[in-house]
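Here is the structure we will look at.
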Amino acid sequence: MGKIPKKLINDSIVDAVFEVRFESSEQVTAPNLIVGYLAGNSDWKSRVKAKLPVSDIPDQFRMSDPNLRHQATLELADPESNQSIKLGEAVASTSRQGEYPGWGTMVRDISEMLEHSFKALEDFRVVRVGMRYINVLVPDIHFIDDVHSLNFELQVGGTKLEDELNINFKRDIGSTTHTVRIASKAFVKAMNPESGVALIDIDSWSVDPKDIETPSSILNWAEKAHIQEKEIFFSLIPEAVLTDIVKEWS
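Just so you know, this note's numbering puts the end of the sequence shown at 267, numbered straight through with nothing missing.
So, in structure tokens, the structure goes:
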């Protein structure tokens, strides 16, 4: 598409997450100390701390199980800003839930997390970076009546599907892979807000070594991936609708 909207009158983002998965020598020598090292950032000391359910599983089992290895064990939450830091022996993430504060704030969150993580562990090597944006569209403010009002068409046997649906597709753009989920309310557990009728979930990641070597290269990747995610999202919104919901164009 041509110009990409910069800001909507009413944002549709309900959850934004940035995650790094990493390796370090401490995972072998002292895995139980890693979360403590990461959580030691003085700027995070006043946050509300909570153990996550997976923390009850012994670390040797978590680190050996591919399904658990990159699960966080500790959450550091800031209720006032709706920002949350989640940490594990092989993962660190920052997220914003609820009212989205804008990309500039998200970049500052990411930069702070990266700067501290690279300093906290002597041998910190990122093996994957990922970013996920979950959008919920509400008829009264986004002028989307249901999932079929979006800019796509799905047919089976030559017949257009008009019932509830839950679909996933993948797009590779440069070194970034995007998995996109589009779902009707019937397929979303606890749609928030409840008045939402369609979910667009864009999950992006890169394992290209050039993207994940340093904090600056990771931030460069994040900027590019963010633009690509916006292009994918807005390509699903009909142009006639964009006219009514966009507050500011890029």
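Virtual Cβ for every residue (Gly too), placed ideally from N, Cα, C.
Asked	Found
Rounded to whole angstroms, what's the CA-CA distance from Leu253 to Glu139? Just pull it up for me.	44 Å
Do you know offhand how far Trp120's Cα is from Glu248's?	15 Å
Please state the DSSP three-state secondary structure of Met208.	coil
Using alpha carbons as the reference points, say which of Leu178, Lys68 and Phe186 lies closest to Ser221.	Phe186
As an exercise, report each continuous beta strand (DSSP E) stretch of at least 3 residues that is fully enclosed by the region 63-92, in chain order.	65-68
When DSSP labels each residue in this structure, what does Asp32 get in the three-state scheme?	strand
So, are the CB atoms of Leu131 and Ile229 less than 7 Å apart?	no
Could you please give the first and the last residue of the uninterrupted alpha helix (DSSP H) stretch that includes Leu131?	Trp120 to Ala137
Please report whether the beta-carbon of Ala207 lies at a distance below 7 Å from any beta-carbon of chain B.	In summary, chain B is missing from the structure at hand, where a single protein chain is found.
Taking Leu91 and Leu104 to be in contact with their CB atoms under 8 Å, please state how far apart those CB atoms are, rounded to whole angstroms.	5 Å
Apart from the five residues just before and just after Ile51, which ones in its own chain have a Cβ nearer than 6 Å to its Cβ?	Glu43 and Glu106
Shortest alpha-carbon distance to Ser134 belongs to which of Pro232, Val71, Leu167 and Asn237?	Pro232
Compute the beta-carbon to beta-carbon distance between Val34 and Ser110, rounded to the nearest angstrom, for a pair I have assumed lies under 8 Å.	6 Å
With DSSP run on the structure shown, which of helix, strand or coil describes Phe39?	strand
Could you work out which residue in Ile151, Asn99, Arg145 and Ala137 is closest to Asp272 when comparing CA atoms only?	The question about residue 272 has no answer here: the residues shown for the chain are numbered 18 through 267.
I need the DSSP call for Ala200, collapsed to helix, strand or coil.	strand
Any idea what DSSP makes of Phe186, helix, strand or coil?	strand
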